[in-house]
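Engineer: Before we start, here is the structure in question, set down as C-alpha cells.
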Amino acid sequence: DFSIAREYRNRFCSDKLYVGGLKSFVDGVHGNYTALLLEPYADDPNRQGKSCFPYEIYEKQVAAANKEGFGVKLHCTGEGASELALDAFEMSRKANGNIDVRNSIEHAETLRYPQFERFRRLNVTATMQPSHLMAVGNGLKRKVGEQRAQYEYALKTMLSHDVNVAFSSDYPVAPFDPLLSIYFAVTRCDKQGNPIDEINQNITLEQALKAYTYGSAYCIHAEDKLGTLEPGKLADIVVFNQNLFELEPKEWLNAKIDLTMMDGEIVYKSEEF
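Numbered by the numbering used here, the letters in the sequence shown go through residues -19 to 253 in order.
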C-alpha cells in the first residue's frame, strides 16, 4: 500500500523538499554480526547474518515501488545483503521494463567482485559513507577475512566499473562534515595520517568531490539542476578559504567556509571574506 507515500509525494513537491524514494533495511551491521554475508564470518564461523525479511518480500515490494515511480534505497552492509538487493532490482527491471527510477544500495561496505558489474548494468547507485571506514578501521577486516576485505568500501573498484557513487554522512550516526569523508576516501588514513587498512581502494580528491555533488544529485534524480556548476542549474555553491587541490590532505580538515550560496543567494559569508 503506497497511499501514504503517494500523499507525501504530492504534498512535498517543491524545489527544496520532495520525496526522493523509499527506504528499507535488508540487514544490520558487521559490528554485531547482523550484516548478511555470503559465507560465515572469519572470526565466528557460526554466524553469517540474515536478512530482515525473506527475499520474496523485497522482490515484490521493490517491483511495486518502482512501478509507482519510487526509487528504492536498500540498507545493505554485507555482500550477502547486496546480492539479495541486486536480485530484487534485477527482477523489478524484468517486471517493469527500463523505467526511469533511481535505485540505490546504502552503505555497500563489503562486496564481491562480480557485483560491481551488476551495479553498473542495473544502474544502481552505491551510496557510501567513508567516515564509517575510519570508525571500523581494521576491525572489519578481522570479521570478514583478508579475501573479502579487499572489497571493503571499494570506492576505486566502484568507479572503475562506472558505477555512480554518492557520498553522504549518515548523520547523526557519523559526523556531518563532508571534508572528513573526503579525507578518508582519498587517504584511507585516520586524522593523524596513520593507514587504517592496507587495501588500495583510495580515490582522488576530484572523484571524492564529484561523489559528494553530482553523484548525490543523480541518486535523487536532481542532476538536471544540482551537482555541477553550469548555466541553467541552481547556484548552490560553497567557497572554501583555501584551494583544496593545493593543500596536503591533512590540511583539508582545517579548511573553513568563506561563502555559501543557495539558489544564487548568499546565505552565509565569513567576516574575513
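Where is the CB? At the ideal position from N, CA and C, for every residue including glycine.
Bridge partners for Asp67 per DSSP, in chain order?
Structural biologist: According to DSSP, Asp67 bridges with nothing at all.
Engineer: Hey, quick one: how far does the beta strand (DSSP E) through Thr256 stretch, first residue to last?
Structural biologist: This structure leaves residue 256 out entirely; the chain is present only between -19 and 253.
Engineer: Tell me whether Val218 is buried or exposed, calling it buried when 16 or more other Cβ atoms sit within 10 Å of its Cβ.
Structural biologist: So Val218 counts as exposed.
Engineer: Go ahead and label Val42 buried or exposed: buried means 16 or more other beta carbons lie within 10 angstroms of its beta carbon, across all protein chains shown.
Structural biologist: Val42 is buried by the Cβ-count criterion.
Engineer: Leaving aside the five residues before and after Leu185 along the sequence, list all residues of the same chain whose C-beta is less than 6 Å from its C-beta, in chain order.
Structural biologist: These residues qualify, in order along the chain: Val166.
Engineer: Which value, in whole angstroms, describes the spacing of the CA atoms of Arg168 and Tyr93?
Structural biologist: Cα to Cα, Arg168 sits roughly 20 Å from Tyr93.
Engineer: Less than 8 Å between the CB atoms is what I'm expecting for Pro20 and Asn26, so what's the real figure, rounded?
Structural biologist: At roughly 7 Å, the Cβ-Cβ gap stays under 8 Å, so Pro20 and Asn26 are in contact.
Engineer: Pick from Leu54, Val145, Tyr35: whose alpha carbon is nearest that of Gly332?
Structural biologist: With the chain covering -19 to 253 only, the question about residue 332 has no answer from this structure.
Engineer: Between the beta-carbon of Ala146 and the beta-carbon of Cys199, is there less than 9 Å?
Structural biologist: Taking 9 Å as the Cβ cut-off, Ala146 and Cys199 qualify as a contacting pair.
Engineer: For the alpha helix (DSSP H) holding Cys199, just list the boundary residues, first then last.
Structural biologist: It spans 194 to 199 - the alpha helix (DSSP H) in which Cys199 sits, taken as one unbroken run.
Engineer: Would you call the region 91 to 109 in contact with the region -13 to 5, where contact means no fewer than 3 C-beta pairs closer than 8 Å?
Structural biologist: No, the region 91 to 109 does not touch the region -13 to 5.
Engineer: Just to confirm, is the Cβ distance from Lys190 to Met114 under 9 Å?
Structural biologist: No, the Cβ-Cβ distance between Lys190 and Met114 is not below 9 Å.
Engineer: Cβ atoms of Pro110 and Phe156: under 9 Å apart, would you say?
Structural biologist: No, these two residues do not count as a Cβ contact at 9 Å.
Engineer: Once you ignore the five residues that flank Asn83 on each side, which residues in its own chain have a CB closer than 6 Å to its CB?
Structural biologist: Answer for Asn83: Gly51, Val52, Phe69, Val104, listed in chain order.
Engineer: CA-CA distance, Glu210 and Tyr248?
Structural biologist: About 21 Å.
Engineer: Are the Cβ atoms of Asp204 and Lys121 separated by less than 9 Å?
Structural biologist: Contact: no.
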